[in-house]
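So the number in this note's numbering is just where the residue sits in the sequence shown, counting from 1, plus 34. Inspection log for the structure reproduced underneath, given as structure tokens.
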Amino acid sequence: MNPRTAALRSGLQRGWIEFKQTWTNPDDVIGQFVFVVLFLGALFFMRNATLPGTGFSLGAASVPGVLGAGIVFSGLSSSAGYLAVEREDGTLLRAKATPNGMLGYLTGKTTSVSLAQVTSLLLTLVPCLFLYPSLAPGGAWSYLHLVWVLALGLVATLPLGAALGSLAGSPRAIGLITMPVLGLGAISGIFYPITALPVWVQYLGQVFPMYWLGLGMRSALLPESTVVVEIGQSWRTLPTLGVLAAWAVIGLALAPVLLRRMARREAGSSLAQRREKAMQRVG
Numbered sequence: 035m036n037p038r039t040a041a042l043r044s045g046l047q048r049g050w051i052e053f054k055q056t057w058t059n060p061d062d063v064i065g066q067f068v069f070v071v072l073f074l075g076a077l078f079f080m081r082n083a084t085l086p087g088t089g090f091s092l093g094a095a096s097v098p099g100v101l102g103a104g105i106v107f108s109g110l111s112s113s114a115g116y117l118a119v120e121r122e123d124g125t126l127l128r129a130k131a132t133p134n135g136m137l138g139y140l141t142g143k144t145t146s147v148s149l150a151q152v153t154s155l156l157l158t159l160v161p162c163l164f165l166y167p168s169l170a171p172g173g174a175w176s177y178l179h180l181v182w183v184l185a186l187g188l189v190a191t192l193p194l195g196a197a198l199g200s201l202a203g204s205p206r207a208i209g210l211i212t213m214p215v216l217g218l219g220a221i222s223g224i225f226y227p228i229t230a231l232p233v234w235v236q237y238l239g240q241v242f243p244m245y246w247l248g249l250g251m252r253s254a255l256l257p258e259s260t261v262v263v264e265i266g267q268s269w270r271t272l273p274t275l276g277v278l279a280a281w282a283v284i285g286l287a288l289a290p291v292l293l294r295r296m297a298r299r300e301a302g303s304s305l306a307q308r309r310e311k312a313m314q315r316v317g
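So this is what it looks like as structure tokens:
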């Protein structure tokens, strides 16, 4: 078998095992459900409010935005966090020392994070379909539309997360990534139409993938009548495809370069120095 093919196969197996292990760890399971319950609680209390100019539930209209924001948050923060932590504990150094080990490692991490994101999306979406029967009015077409938006969203965010994680000097630096990502939620029309925000904020929000993922999810799950609160009263499917694809290209271009640079710098001496500094902080 080709060594690269073997590494990819090994990475897929590793990713599947890591994903299964998250469901045997009580802390991971509790964290997953707490996150979902908080979102569902917020959406439930919004059920009686309506979108401006429509009779459609604001809670139902917020579901797609929440799903899109979750993909961006997990794709950027989770990927970056895993890389920073596993660089600190020597996992990346061990992967570097194995033939095609970095390829296998990244394949495995991408697989496990993608599976976790899909699971989180389903845990949120399925209860919402019962709470808001008006969602996914197109039936099978709505779900097919949702699948391509989800797939493109993963490709647009996971490489960026890996690139950001390669720049983080330590796990403590992940907060510098997490806080701006949370801030994007405020300007991306997640819980309220972006058209209610100042025009300059609307332009700023449209630069980043969170808005477009939310828009793509809304176009898949909401009825046509709700498009009146969108910019230009249009779902803008082609711009959604274009912007997410552009972010995917940026991430796929940056991630390999930054990861190779990070891998070259990894050595036993640098790992020992980081551990010594960590022990000094603890002491």
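Glycine included, each C-beta is placed from N, C-alpha and C at the ideal position.
Given residue i, which residues of its chain have a CB within under 6 Å of its CB, disregarding the five upstream and five downstream residues?
| i | result |
| --- | --- |
| Ala282 | Val189, Ala190 |
| Ala118 | Gly199, Ala202, Pro205, Ile208 |
| Arg48 | Gly142 |
| Ala129 | Gly135, Met136, Tyr139 |
| Asp62 | Thr56 |
| Gly115 | Ile208 |
| Ala41 | Asn134, Leu137, Gly138 |
| Gly109 | Thr191, Leu192, Gly195 |
How far does the alpha helix (DSSP H) with residue i in it reach, from first residue to last?
| i | result |
| --- | --- |
| Ala185 | 174-201 |
| Val160 | 135-165 |
| Leu74 | 60-79 |
| Arg121 | 113-122 |
| Pro232 | Note, Pro232: premise wrong, no alpha helix (DSSP H); not H, not E. |
| Val318 | No information on residue 318 is available, as it lies outside the stretch 35 to 317 that the chain covers here. |
| Pro243 | 243-255 |
| Leu42 | 37-56 |
Can you name, in chain order, every residue of its own chain whose Cβ lies under 7 Å from the Cβ of residue i, other than the five neighbours on each side?
| i | result |
| --- | --- |
| Gln314 | Caution is warranted here: a pLDDT of 49 is assigned to Gln314, below 50, making its placement in the model unreliable, and the coordinate value is therefore given only provisionally. Excluding positions up to five away in sequence, the list is empty. |
| Gly285 | Ala190, Pro193, Leu194, Ala197 |
| Ser268 | Val261 |
| Val316 | With a pLDDT of 48 at Val316, under the threshold of 50, the modelled position of that residue is not reliable, and the figure given next carries that caveat. Nothing meets the Cβ criterion. |
| Tyr166 | Ser91, Gly93, Ala94, Val97 |
Mind reading off the beta-carbon distance from residue i to residue j? Whole number of angstroms is fine, and I expect it under 8 Å.
| i | j | result |
| --- | --- | --- |
| Tyr177 | Ala185 | Not really, about 13 Å apart at Cβ, beyond 8 Å. |
| Gly142 | Glu52 | 6 Å |
| Val147 | Ser111 | That belief does not hold up - the Cβ atoms of Val147 and Ser111 are roughly 10 Å apart, past 8 Å. |
| Leu275 | Pro161 | That pair is no contact at about 29 Å. |
| Phe107 | Val215 | 5 Å |
Going by beta-carbon coordinates alone, are residue i and residue j separated by less than 8 Å?
| i | j | result |
| --- | --- | --- |
| Gly65 | Leu77 | no |
| Trp234 | Val277 | no |
| Ala150 | Thr212 | no |
| Leu101 | Met296 | no |
| Leu46 | Thr145 | yes |
| Gly89 | Phe225 | no |
| Val152 | Leu255 | no |
| Val70 | Leu157 | yes |
| Gly223 | Gly248 | yes |
Compute the minimum distance between the beta carbon of residue i and the heavy atoms of the ligand ATP, and state whether it is under 7 Å.
| i | result |
| --- | --- |
| Leu149 | In the structure shown, the ligand ATP is absent, as is every other ligand, since no ligand is present at all. |
Got a sec? Which residues, its chain only, sit under 8 Å from residue i by beta carbon, not counting five neighbours each side?
| i | result |
| --- | --- |
| Pro86 | Pro227, Ala230, Val263 |
| Leu155 | Leu101, Gly104, Ile105, Leu184 |
| Val181 | none |
| Leu126 | Leu117, Glu120, Met136, Tyr139, Met296, Ala297, Glu300 |
| Pro37 | Pro133, Asn134 |
| Leu288 | Pro193, Leu194, Ala197 |
Counting contacts by CB-CB distance shorter than 8 Å, is residue i in contact with chain C?
| i | result |
| --- | --- |
| Trp281 | Here chain C cannot be found, since the structure has a single protein chain. |
Would you call the segment 133-140 and the segment 214-232 in contact, with 3 or more CB pairs under 8 Å? Taking 8 Å as the limit for Cβ pairs, the verdict is that the segment 214-232 does not touch the segment 133-140.
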